[in-house]
Structure formats: structure tokens, C-alpha cells
Amino acid sequence: MSAAKRSRYLTVFAALAVFTVIEVAVAFTAITKSTQVVLLLGLALIKASLVALYYMHLRSEGPLLRVIAAFPMLLVIVLLLLPVFDLALAQ
Amino acid sequence: MERAIERRAGPLAGVSTTKFAMWLFLASEAMFFGGLIAAYLVLRLAGSDWPVVADVLNVPLVAGNTFILIVSSLTMVFGLAAIESGDQRRLRQFLVATAVLGSIFLSIQAVEWRELLAEGTTASTSLFGSTFFTLTGFHGLHVLGGVLFMLYVIARAFQGRYTKEEHGGVELMGLYWHFVDVVWIFLFTIVYLV
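Right, here's the structure in full:
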């Protein structure tokens with residue numbers, strides 16, 4: 003294993019660990035619920051992107067695999083937003 | 508078949524059929540968990556008797572478990588990097604470490620479930636219980652599937668079946684394992700922290 007690869011994987015690991023600690027801290031901090039939700043979802047998205055880009059090597063894959071990976075993420079976002087808007091309208 | 512596709516030009520150049528298929532499978536899995544999470548959100552936002560999550564769930568224990576899964580992703584990617592440089596001994600070590608970490612994750616989840624069940628929270632007592640056990644249960648099943656898949660890959664690694672040139676199985680194992688980690692990243696946030 004090359005030193006550059008090793009150091010890149012370790013840096014991603016350190017970022018994932020630090021973000022997890024920040025997440026738990028945010029969850030137990032007295033801030034408004036909406037701020038908390040935005041921060042936590044943002045952190046989760048960053049962590050998931052790091053794993054996909056560096057550990058699943060999407061960063062160095064061709065456009066086809068990137069589209070296959072990104073498309074369901076877009077669909078899931080729509081899937082999550084639709085019921086939230088529906089509930090908000092119903093209230 | 509695999510070779511034929513590898514020689515193709517265009518967007519599929521250099522992508523084996525098995526890797527292509529694994530990505531399609533993971534895309535369908537993302538939709539599966541997306542559906543479950545959407546159902547969870549609808550029931551949680553519409554449900555009036557949702558408990559304060561930190562009062563019911565053992566967040567520090569599960570945060571530790573999350574850390575274990577992150578470490579297992581690191582050992583997995585180190586295993587792939589080892590065989591990419593032809594180091595079979597280190598491949599075996601990292602694969603075994605990943606399987607052990609996955610098993611520890613499952614054991615801690617079992618402890619968490621036992622605590623909840625002992626306190627009277629089951630899949631049929633409330634919407635919270637029902638969605639909690641469904642989401643974490645399906646993820647746990649995926650980790651279990653990953654550990655079993657890993658044992659198969661480990662057995663092949665001990666037979667010396669993976670080399671610097673041919674290690675597609677390790678790469679597929681890694682993709683699946685990291686995907687399960689990605690799903691947990693979202694579940695940990697949505698079920699335990701929000």
C-alpha cells in the first residue's frame with residue numbers, strides 16, 4: 003500500500019470520526035430543533051459522501067457508475083421531501 | 508463476458524460486469540432503505556406520542572457502535588489496498604479484522620435490542636417501536652449478510668485466490684460493506700440523533 007493512499011484513507015477515517023463526535027455534540031446541544039436537523043443532516047451527507055468518494059472510489063470511477071450512484075440518491079431525496087411537504091400542507 | 512465488457516470503449520470501459528451489477532444492486536438497495544426511511548418520517552411526523560429519543564435509546568452506546576462500523580470501513584479499504592499491491596497476508600488480516608468488527612457491531616446491537624425489549628418496547632407496542640425495530644433490523648440483517656459474504660471472501664483469501672491482478676471479489680465485498688456503512692450513517696442520524 004502506497005504511503006499516499008494510506009494517508010488519504012486515514013484522513014477520511016479521522017474526518018468520519020470527528021464528524022461523528024460533532025454529531026453527538028450537536029444532538030445534545032440546546033439549539034432549535036430545525037437548526038439541529040439541518041446541521042445533523044448536513045453532517046450525515048458529508049460523511050456519506052466521503053465514504054462513497056474515497057472508500058467506494060467513486061471519485062476515480064467513470065461517469066456511468068457515478069450516475070448509477072447519484073440517481074437513487076436524488077430519488078430518495080424526492081421520496082423524503084414529498085411526504086414532508088404533504089404533511090406540512092395538511093397541518 | 509466480463510472480459511468483453513472490459514474491452515469496450517465508452518462509459519463502461521474498464522468496468523467489469525460484476526462491479527456494474529453490484530452498483531445496480533446497491534442503487535436498488537438505496538431505494539429500499541429510502542422507502543423505509545420515508546415511511547419512518549411520515550409516521551414520526553404524523554404520530555403524536557413519539558418519545559424523546561435520548562430518553563428511550565442508548566445514544567452513547569450506539570455512537571460507540573457507529574465508530575466501530577467506521578473503523579471496519581477503514582480495515583476493509585486497507586484490505587483492498589493491500590491486495591492491490593499484491594500483499595495477500597495483509598489482505599487476510601484486514602478482512603478478518605473487518606469481519607470481527609462487523610460481528611462486534613451486531614453483538615452491541617443485540618445488547619441494545621435486549622435492553623429495549625426488557626423495558627417493554629417491542630415492535631408491536633408503539634409506532635416508535637415498530638419503525639425502530641424495522642429500520643435497525645433490516646440494517647442489522649444487511650450487516651449479517653455482509654459478515655457471511657466476508658467469511659466466504661476470507662476463505663478464498665486463505666486459499667490464495669486473490670492476486671494483485673485478480674481481486675474483483677474483494678472490491679465487490681468492499682463496495683457492499685461501505686454501502687452498509689453509508690446506510691448506517693443516515694440511520695444513526697435519523698433514528699438516534701434527530
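Taken in sequence, the protein lines are chains A and B. Position one of the first sequence corresponds to residue 3 (my numbering), numbered consecutively onward. Position one of the second sequence corresponds to residue 508 (my numbering), numbered consecutively onward. Virtual Cβ for every residue (Gly too), placed ideally from N, Cα, C.
Asked, Found
"Please work out which residues of its chain come closer than 8 Å, Cβ to Cβ, to A:L18, disregarding the five sequence neighbours upstream and downstream, and give them in chain order.", "K49, L52, V53"
"Can you give me the C-alpha to C-alpha distance between B:L581 and A:A92, rounded to a whole angstrom?", "45 Å"
"Does B:I697 pass the burial test, meaning 16 or more other C-beta atoms within 10 Å, or should it be called exposed?", "buried"
"Write down the C-beta distance between B:L543 and B:T641 rounded to the nearest angstrom, noting that I regard them as a contact closer than 8 Å.", "7 Å"
"At a Cβ cut of 9 Å, what residues of the stretch 513 to 539 of chain B count as close to chain A, listed as they run along the chain?", "G517, P518, L519, A520, G521, V522, K526, F527, W530, L531, L533, A534, S535, E536, A537, M538"
"In angstroms with no decimal places, state the Cα-to-Cα distance between A:F87 and B:V566.", "29 Å"
"Given this structure, state the Cα-to-Cα distance separating B:T632 from B:F574, to the nearest angstrom.", "30 Å"
"Tell me whether B:L682 sits in a helix, a strand or coil according to DSSP, three-state version.", "helix"
"Using a beta-carbon distance below 8 Å, is B:G542 in contact with chain A?", "yes"
"Out of curiosity, what's the CA-to-CA distance linking B:Q600 and B:M680?", "15 Å"
"Would the stretch 64 to 80 of chain A count as touching the stretch 524 to 535 of chain B if we require 3 or more Cβ pairs under 8 Å?", "yes"
"Using a Cβ-Cβ cut-off of 7 Å (strictly less than) and excluding sequence neighbours within five positions of B:V660, which residues of its own chain qualify?", "L602, G676, V677, M680"
"Measuring CB to CB, does B:V569 end up less than 8 Å from B:F695?", "yes"
"What residue from B:P558, B:M583, B:G653, B:G521 has the CA that sits closest to B:V687's CA?", "B:G653"
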